[in-house]
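Here the structure comes first, spelled out in structure tokens, and everything after it is commentary.
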Amino acid sequence: MGVLRRYLCPWSKSGVEVFESDVLVLGSGIAGLYTAIKASEHFQVTVLTKKTIKESNTEHAQGGIAVAIDEADSPSQHLKDTLRAGAGLCDPLTVKILVEEGVICVEELMGMGAQFDYQNGELALTREGAHSQKRILHALGDSTGWEIERALVAKVKSTPEVSTFEDRFVIDLLENAKGDIIGALVLNGETGELEGHLANAVVLATGGLGQVYSFTTNPNVATGDGMAVALRAGADLMDMEFVQFHPTALLIPNAPRFLISEAVRGEGAHLINAAGSRFMDKTDGKELAARDIVARAIWEEMNKGSVYLDFRPIGEKRILERFPNIYKTCLKYGVDVLTMPLPVAPAAHYMMGGIATNSYGETSLSQLYAAGECACNGVHGANRLASNSLLDGLVFGGRIVKRIRDKFDGKRPFWKEVVSPEDSQSGIEAGTNVSKQMSSLCLRKQIQDLMWSRVGILRNEEGLKEAARLLADWEHEVLLTPSVDDYETANMLIIGTAIAKAALDRKESRGGHFRSDYPLPLDAWQKHSLQRKEDNYVRYISVSRAD
């Protein structure tokens, strides 16, 4: 990847409408809204969201949220399961924070109005892949994310200290002459005008990047924008090679790759091949092995024929009780899971890597924080444990607020402090190195197809080099107009290149990253790149802006 330009497009400070607050939160999923609510206890907060406040990966989460609250369970066991799933690359200290502080955060979440399912007067718990205990809280059967998002949105709307702006696309982060991040340059989708949002602290909670791939469970908004703007500003990205492909997504012509929750297998569903035989029964953990193992097993089985998820062992009553949304969605596409197996296939689902942070969400840039899927604090390692993602957003979003409180000086930045392209000469001139040889949507499709075929579930050096070369060539195909489509496509190019580069550098197979030319994990893997040491834990930085 060549040296990145600082700004995505040319702009001037004149004529930009300016807004101020103490804390600026970019994103409205669980990490962004929980951070905003906690911050509102001490500060004036602004939340910007790309589309509507409810549209995020959180809303689409089905399985639940993992937390060790059962008497038969413990945070220490949750820690062991997380470390095991992470394939040796989790930060043990950060995982310890997750599993211990997560219990308190979930209680706070319920205090904010989130209503989880109960059974016999007790919170209902289920089990998912690579968990040794039943510790997954769920809501409305299989609509946990929807319920959490509902509760957090309601809380935000009733909190006067939080201002929300919908239909705002973040183009780039703003900095002062010292390099402190002091806000964001934003496109107002309603007016087409630019806005400058300034704050003492900026929190990126922009979610994932599943749309970089042809087949994904993620909503359309998940184009990796937060990681791209952070990288352009100079923040370090970490573990970008580790993309999690969910084993079971709906595979029906003309239907979206609708997520089929891992909780379905947790309740007893079987994976079967075209002959109707189970093919996971000889694997440790069977259908509930770690996600990377199950996804690759399905991928290999699909070379022989179709793969199905058979709900019937769960029982009709339990299916309707636990998975009403999945049942209705599949029925809409012609499959009654009560009576017939459901065709499934893996799909891009979650990014374990992201913007490198410490355990308080601090990035390598002053006053910039990150939480949720766009961040990488070492919790997930090479392979996220099922249902740890929602917990991650809560715990480390809350810790960000603690650090902001410690460092807050009460002095809001001024618009005149902002370094713009005309000040730094680090932007691009209109028409430089760009052409309109294809539309943004056409180019996006090519990016997605390339990432799926060359930087997907199975990778090798030849394919990764081809992907990196083509992505670099395509950087000249984007016309940088004031268009969300064009900006998203440019961000997808940057992030796709980061994933391909990191995957090419890691010459081993580990967790969500599998190289057919290096199929075994190394005992002591080292990467020759920028390293930051924190609490005796070495952080391997995948990509920096100067790479």
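Per this note's numbering, residue 450 is the first one in the sequence shown, and the count goes up by one each step.
Idealized CB from N, CA, C, for every residue including glycine.
Would you tell me roughly how many angstroms separate the C-alpha atoms of residue i and residue j, rounded to the nearest one?
| i | j | result |
| --- | --- | --- |
| Ala517 | Leu839 | 14 Å |
| Arg745 | Thr593 | 27 Å |
| Ala600 | Asn703 | 33 Å |
| Leu843 | Gly821 | 8 Å |
| Ile420 | Met941 | Residue 420 cannot be examined here, being either before or after the span of the chain that is shown, 450 to 996. |
| Asp759 | Ala712 | 13 Å |
| Glu910 | Phe728 | 29 Å |
| Met676 | Arg714 | 32 Å |
| Trp460 | Ser869 | 7 Å |
| Ile631 | Leu814 | 11 Å |
| Asp674 | Gln568 | 40 Å |
| Pro792 | Gly905 | 20 Å |
| Arg893 | Pro790 | 33 Å |
| Arg833 | Arg533 | 10 Å |
| Gln660 | Glu504 | 14 Å |
| Thr938 | Ser726 | 42 Å |
| Ile877 | Ala626 | In this predicted model, Ile877 has a pLDDT of only 38, less than 50, meaning its place in the structure is not dependable; the value taken from the coordinates is given anyway. Cα to Cα, the separation comes out at about 19 Å. |
| Gly859 | Ala510 | 37 Å |
| Ala515 | Lys462 | 45 Å |
| Asp471 | Arg455 | 25 Å |
| Cys825 | Val850 | 17 Å |
| Lys956 | Lys529 | 26 Å |
| Gly476 | Ala723 | 42 Å |
| Leu574 | Glu508 | 20 Å |
| Gly478 | Val692 | 19 Å |
| Val548 | Gly570 | 24 Å |
| Met800 | Val828 | 12 Å |
Compute the distance between the beta-carbons of residue i and residue j, then report whether it is under 8 Å.
| i | j | result |
| --- | --- | --- |
| Asn669 | Gly657 | no |
| Leu1075 | Leu647 | Beyond the ends of the chain as shown, which are 450 and 996, falls residue 1075; an answer cannot be given. |
| Thr672 | His798 | no |
| Pro970 | Arg959 | yes |
| Tyr818 | Val678 | no |
| Gly551 | Asp566 | no |
| Ala835 | Glu466 | no |
| Ile709 | Leu699 | yes |
| Lys500 | Met561 | no |
| Ser889 | Asp954 | no |
| Gly803 | Cys823 | yes |
| His962 | Glu749 | no |
| Ile747 | Thr613 | no |
| Gly481 | Ala682 | no |
| Arg861 | Asn649 | yes |
| Ala563 | Ile585 | no |
| Gly537 | Gly830 | yes |
| Leu680 | Leu899 | no |
| Glu736 | Arg767 | no |
Can you tell me whether residue i is helix, strand or coil according to DSSP?
| i | result |
| --- | --- |
| His646 | strand |
| Thr697 | strand |
| Arg893 | helix |
| Val465 | coil |
| Arg454 | coil |
| Pro795 | strand |
| Asn637 | strand |
| Glu822 | helix |
| Tyr809 | coil |
| Asp855 | helix |
| Met801 | coil |
| Arg576 | coil |
| Tyr1025 | Residue 1025 falls outside the range modelled here, since the chain spans only 450 to 996, and no answer is possible. |
| Leu758 | strand |
| His962 | strand |
| Thr672 | coil |
| Glu716 | coil |
| Phe863 | coil |
| Met561 | coil |
| Met687 | strand |
| Leu532 | helix |
| Gly876 | With a pLDDT of 40 at Gly876, under the threshold of 50, the predicted position of this residue should be treated as unreliable, and no value is reported. |
State the CB to CB distance for the pair residue i and residue j, rounded to an integer number of angstroms; the pair is presumed to be in contact (CB under 8 Å).
| i | j | result |
| --- | --- | --- |
| Pro795 | Phe694 | 4 Å |
| Val743 | Glu610 | So it is not a contact: roughly 44 Å between Cβ atoms. |
| Ala947 | Ala916 | Actually they do not touch by this definition, with Cβ atoms about 11 Å apart. |
| Val619 | Leu497 | 7 Å |
| Ser965 | Arg908 | 7 Å |
| Ala579 | Ala739 | 4 Å |
How about residue i: is its Cβ closer than 7 Å to a heavy atom in the ligand NAD?
| i | result |
| --- | --- |
| Asp566 | Within the structure as shown, the ligand NAD is missing, as the structure has no ligands at all. |
> Between the segment 535–542 and the segment 520–527, do at least 3 Cβ pairs fall closer than 8 Å?
Replying inline: Contact fails: fewer than three Cβ-Cβ distances are below 8 Å.
>> Would the segment 731–744 count as touching the segment 777–786 if we require 3 or more Cβ pairs under 8 Å?
In response: Too few Cβ pairs lie closer than 8 Å, so no.
>> Below 8 Å, how does it come out for the segment 636–652 and the segment 916–926: are there three or more Cβ pairs, yes or no?
In response: Using a Cβ-Cβ distance cut-off of 8 Å, the segment 636–652 and the segment 916–926 are not in contact, since fewer than three pairs of beta carbons, one from each stretch, lie closer than that value.
> Three or more C-beta pairs closer than 8 Å, one from the segment 482–498 and one from the segment 682–699: is that the case here?
Replying inline: The segment 482–498 vs the segment 682–699: no contact.
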